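Asks:
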Amino acid sequence: MFVCHCGTNIAGVVDIARVVEAAKRMPQVVYVSDNKYTCSDPGQGSIKNAIGEHKLDRVVVSACSPRMHEKTFRKAVAQAGLNPYMLEIANIREHDSWVHAFDKEGATAKAIELVRLAVAKVSRDAQLHARQIGLTKRALVIGGGIAGIQAALDIANSGHEVVVVEREATIGGRMAQVDKTFPTLDCSACILSPKMVELSSHPRVTLLTYAEVVSVKGFLGNFEVEIRQKARKVDHASCTGCGTCWQKCPEKVKSDFDLGLGERTAIYIPFPQAVPPKPVIDLESCRYMKYLAFTASGAEGKKPPQCRICEKLCPTGSIDWEQKDKILTEKFGAIVVATGFKTFDHSAYGEYGAGAYPDVITGLQLERMMSASGPTGGEVRRPSDGAHPKTVVFVSCVGSRDEAKGRAYCSKVCCMYIAKHAIMLKEHDPEVQSFVFYIDIRAGGKGYEEFVRRAQEEYGAIYLRGRVSKIYQEGRKLKVLGEDSLIGRPVEIDADLVVLATGIEPSTGVVDLAQRLSISYDTDRFLVEAHPKLRPVETQTDGVFLAGVCIGPKDIPETVAQGSAAAAKVAALFSQEYITTDPMTATVDLMKCTGCMLCAQVCPFKAIGSQTMRDGKVLANVNESLCKGCGLCAAACRGKAIDLRGFTNQQLLAEVTSLWQ
Amino acid sequence: MAVEFEPKIVGFLCNWCSYAGADMAGTSRMSYPTNIRIIRVPCSGRIDPLFVAKAFQMGADGVLIAGCHPGDCHYAEGNYHLRRRFALLRPFLDYLGIDKERFRLEWVSASEGKRFTEVVTSFTEQVRRIGPRVALGGPRAETSPAEVEAH
Ligand SMILES: Cc1cc2nc3c(=O)[nH]c(=O)nc-3n(C[C@H](O)[C@H](O)[C@H](O)COP(=O)(O)OP(=O)(O)OC[C@H]3O[C@@H](n4cnc5c(N)ncnc54)[C@H](O)[C@@H]3O)c2cc1C
Ligand code: FES
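Listed in order, the protein sequences are those of chains A and B. This note's numbering applies: residue 12 is where the first sequence begins, and numbers increase by one. This note's numbering applies: residue 6 is where the second sequence begins, and numbers increase by one.
1. What does the alpha-carbon distance come out to for the pair V153 of chain B and L670 of chain A?
2. Going along chain A in order, which residues have a C-beta closer than 7 Å to the C-beta of F56 of chain B?
3. Report the three-state DSSP secondary structure of P150 of chain B (helix, strand or coil).
4. I want to see whether chain B comes within less than 7 Å of D136 of chain A, judged by CB atoms only; does it?
5. Cβ closer than 7 Å: which chain B residues qualify as neighbours of D114 of chain A?
6. Taking only beta-carbon atoms, is C19 of chain B less than 7 Å away from chain A?
7. Considering only residues of the same chain and omitting the five flanking positions on each side of Y48 of chain A, which have a CB-CB separation below 6 Å?
8. At a cut-off of 6 Å, would you count E223 of chain A as near ligand 1, judging by its Cβ distance to the nearest heavy atom?
9. Over the uninterrupted alpha helix (DSSP H) stretch that includes R527 of chain A, give me the two end residues.
10. Using a Cβ-Cβ distance cut-off of 7 Å, determine whether H111 of chain A contacts chain B.
11. Should T350 of chain A be listed as close to ligand 1, given that the test is whether its C-beta is under 6 Å from any heavy atom?
12. Between the segment 523-544 of chain A and chain B, which residues of the former have a C-beta closer than 7 Å to a C-beta of the latter?
13. Given the structure, does T570 of chain A come close to ligand 1, in the sense that its CB is under 6 Å from one of the ligand's heavy atoms?
14. Residues in its own chain within less than 7 Å of M6 of chain B by CB, not counting five upstream and five downstream?
15. Output needed for R412 of chain A: all residues of its chain with C-beta closer than 6 Å, excluding positions within five of it in sequence on either side, in chain order.
16. Measuring only the C-alpha atoms, how far is A131 of chain A from K628 of chain A?
17. Considering S422 of chain A, what are the terminal residues of the alpha helix (DSSP H) in which it resides?
18. Where I71 of chain A and T126 of chain B are concerned, what is the direct C-alpha to C-alpha distance, given to the nearest angstrom?
19. Taking 6 Å as the cut-off, does the CB of T685 of chain A come closer than this to any heavy atom belonging to ligand 1?
20. Please state if the CB of E378 of chain A and the CB of D190 of chain A are separated by a distance shorter than 7 Å.
21. Any heavy atom of ligand 1 closer than 6 Å to the CB of E460 of chain A?
22. Express the C-alpha separation of L663 of chain A and V175 of chain A in angstroms, rounding to a whole number.
23. If we call anything under 7 Å between Cβ atoms a contact, is S518 of chain A one with G351 of chain A?
24. If you drop the 5 nearest sequence neighbours on each side, which residues of the same chain put their C-beta closer than 7 Å to that of N168 of chain A?
25. Which residue comes first and which comes last in the alpha helix (DSSP H) that contains L87 of chain B?
26. Given a cut-off of 7 Å on the beta-carbon distance, is the pair E262 of chain A and A277 of chain A in contact?
27. Look at the alpha carbon of C19 of chain B and the alpha carbon of E461 of chain A, and state the distance between them as a whole number of angstroms.
28. Got a sec, what are the start and stop residues for the alpha helix (DSSP H) N168 of chain A sits in?
29. Using the beta carbon as the reference atom, which residues fall closer than 6 Å to any heavy atom of ligand 2, ordered along the chain?
30. So is the beta-carbon of R453 of chain A under 6 Å away from any non-hydrogen atom of ligand 1?
31. Looking only at C-alpha atoms, which of A:Q376, A:P543, A:G456, A:S529 sits nearest to S266 of chain A?
32. I'd like the ranges of any alpha helix (DSSP H) spanning at least 4 consecutive residues and lying wholly in the segment 232-304 of chain A.
33. Between the segment 543-559 of chain A and chain B, which residues of the former have a C-beta closer than 9 Å to a C-beta of the latter?
34. Quick check: the segment 436-451 of chain A against the segment 393-406 of chain A, are at least 3 beta-carbon pairs closer than 8 Å?
35. Run down chain A in chain order and give the residues with a C-beta less than 9 Å from the C-beta of E117 of chain B.
36. With a threshold of 7 Å on Cβ separation, who are the neighbours of C250 of chain A within its own chain once the five nearest residues in sequence on each side are excluded?
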């Protein structure tokens, strides 16, 4: 038994000496020592020495959470020649000293009981043996934003096959919508497009755009994923992307890519540099589709036009009305999730017009306007009348740092893009005067603070510290009522254009995806990393990695770094020939099993089948490579014939009982 | 003056969400009463009614079960099985003469350290209010910290 001080983390609250004394009196315990840091090299060394010296056959470490260092200590005891599963951890830090700092007496008493509990469990630990199985060295990347692109390229360049699944008709994500990038003001498309092209032409990359993950089965090294390729009604194998169809299509609708500021046709590519540069037909707006729906419904009245102009004009005959959604089943060894974000819907802010004023726009909309390939050809114009705005007001933290709107967190990039916008506006038109209402300026990052200063000093943006209380239309102007809290006076500005820095939130559908992958998300629906500091791109589910804004708000440099980090993790995994499986699987006691097969019914992984014994009896049989060790079967079994290794009935009952010893 | 009754509570927490949520409470240095003793299980669906019965038989003043939110179970559906089992088991406690309110099921995710703290605090208060258990026939231990150590 090794009791850890964890510096003062545990020892500052729990009376270690008393824990050691109590442990010494526990019947199965033959050796107790305490360490400053058990996880350190000398700490682990003392475990190994003691195992040899005192012929220990099982070990309890009373320290931090097993989720933190179980693996570390398993390795240490294995190095000393013990079976690595002859180890238990009493969590006296996260579950004790850290939460009971104000009750040292209670915490010490609790620590002793937690130790007793672990002793009860370890005494019933059995030797378990991990098995080695092969793995598929092929990765799936979900989301084709800059995070996904970077991850996929790095994995492909390390020699492995990658499939990228992107929901939209093009890869690129939000970065493709952005015009220039802070703090260097290099053009987003110029740095992104080459990467998009590189990805699509990479021999080891398969790009599936307009596709979604439907289901995920299996585990680390051996995932089986169903992917739905949505019907594009265009045969991409023969399409050359010549553009005749989208130039001639008569049906115009608002473009999602341009956030409603521009139009696109029913057969379209989202933007000129889209990858793949081949169109899809939007089933909802296509005239022929409407015609088909109308005739199928048998409704009376005037039929919509049949149209089919694209089909008539397509030089390669690539329009395929019969094309349906297709389900592909693919095998992967690792999965990277890079589903990014969307921006906060500001209709929640009634005081800012709830989306009713055309000249109150979002930061991302302004990006589209500034983009040379955007809806206004790079000119900033008021959506209401097309005039060039002269007075522009920026409102920060719309849907960020606002608990009343359920968004307590900071979106991190807004302060920076506001400064960028203020600079860009002035460059577009020197007569523009920008006002920025801010709460705090968050400009942590290389060259960031300097950048914000430039916006103020060189480009004359006026920064006002305070919230905007109301915006309303007055004639052609927007009245902005706010407060300058530094001088404590109300401010009123007649603006031509108001730009709301709408916060960042996870993409739609991320919760469904997380559930399919068995990974966690937090209350804001951002995906949860395995450890916030030390395992920032891993998840608790082995073989599933994360990158980019799906974890939390961040800028492009950080996103790219995470894409590469996730790829490095995948490459390291793929450098192995085998993976070791967790031996904590279910096991059947054939003497007790009656063959009722209730266990097979409750098993979520279809890991339990039957076996016919020599006497003709049909009994349960666990397929260990499918079993994930949830223990549902063990809890369901009436005869207690099936049990879970590592968490046996006997162990759990002994843990309970130990609390009254 | 009577010393305030300190209940003993057994908590069964699934590894992936609630145990991690309890860890999160620790990492965030939140604070809750010391009465709970946490037993880690891989999934809430691993919890056999027998474990709960055993805890009450031993003299537990309360039993808390916590798992992932519906839909979030690491094994997809373990918590649904547990929820059904819980619904069947709870009324049964009445027959045993155990107040149903001593048995609680909560969903706590890995990031909900605050929620875990609130759950434990309110459950401890609730059990404290109900008061000590009446003997069941099984050993009812009136353990004090001192006695625990003396063992
Ligand atoms: C207005 C604005 C301006 C900005 N300006 C800058 C700047 O100047 N400099 C800077 O460094 N950063 C800037 N940023 C931040 C930058 O946009 C992000 O850091 C970056 O885009 C994050 O990339 P990502 O790949 O994580 O996410 P995204 O770009 O959101 O990409 C995610 C991709 O995944 C896809 N997807 C989502 N869900 C699924 C699913 N279930 N299945 C398949 N695919 C899915 C999406 O369609 C998308 O293509 C700005 C942000 C905003 C809002
Ligand atoms: S893993 Fe948490 S309830 Fe199943």
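From the three backbone atoms N, C-alpha and C, an ideal C-beta is built for every residue, glycine too. Here the structure is a predicted model, which is why all the values come from computation and not from measurement.
Replies: Quick look at the numbers:
1. Note that V153 of chain B has pLDDT 42, beneath the 50 cutoff, so the model's placement of it is unreliable and no number is given.
2. L663, L664, V667
3. With a pLDDT of 43 at P150 of chain B, under the threshold of 50, the predicted position of this residue should be treated as unreliable, and no value is reported.
4. no
5. Neighbours of D114 of chain A on chain B, chain order: T39.
6. no
7. Within the same chain, and ignoring the five residues on either side of Y48 of chain A in sequence, the residues whose Cβ sits closer than 6 Å to its Cβ are G54.
8. yes
9. 521-528
10. yes
11. Yes, Cβ of T350 of chain A sits closer than 6 Å to a heavy atom of ligand 1.
12. Taking 7 Å as the cut-off between beta carbons, the residues of the segment 523-544 of chain A near chain B are Q526, S529, S531, D533, T534, V539, in sequence order.
13. T570 of chain A Cβ: within cutoff of ligand 1.
14. With a pLDDT of 45 at M6 of chain B, under the threshold of 50, the modelled position of this residue cannot be trusted, and the question is left open.
15. C421
16. So the two alpha carbons sit approximately 36 Å from each other.
17. Taken as a continuous stretch (DSSP letters only), S422 of chain A belongs to no alpha helix (DSSP H), as it is neither H nor E.
18. Reading off the sequence shown, one finds Val at residue 71 of chain A, where the question assumed Ile. Roughly 29 Å separates the two Cα atoms.
19. Only positions 12 to 672 of chain A appear in this structure, which leaves residue 685 of chain A out of reach.
20. Contact flag set, yes.
21. no
22. The alpha-carbon atoms of V175 of chain A and L663 of chain A are separated by roughly 43 Å.
23. yes
24. none
25. 83-100
26. yes
27. 48 Å
28. 157-168
29. Residues with a Cβ closer than 6 Å to any heavy atom of ligand 2, in chain order: B:C19, B:W21, B:C22, B:C48, B:S49, B:G50, B:G72, B:C73, B:C78, B:H79, B:Y80, B:G83, B:N84.
30. no
31. Sorting A:Q376, A:P543, A:G456, A:S529 by C-alpha distance to the C-alpha of S266 of chain A places A:Q376 at the top.
32. 255-259
33. P543, Q551, T552
34. yes
35. D533, T534
36. Contacts found: K289, T327, S329.
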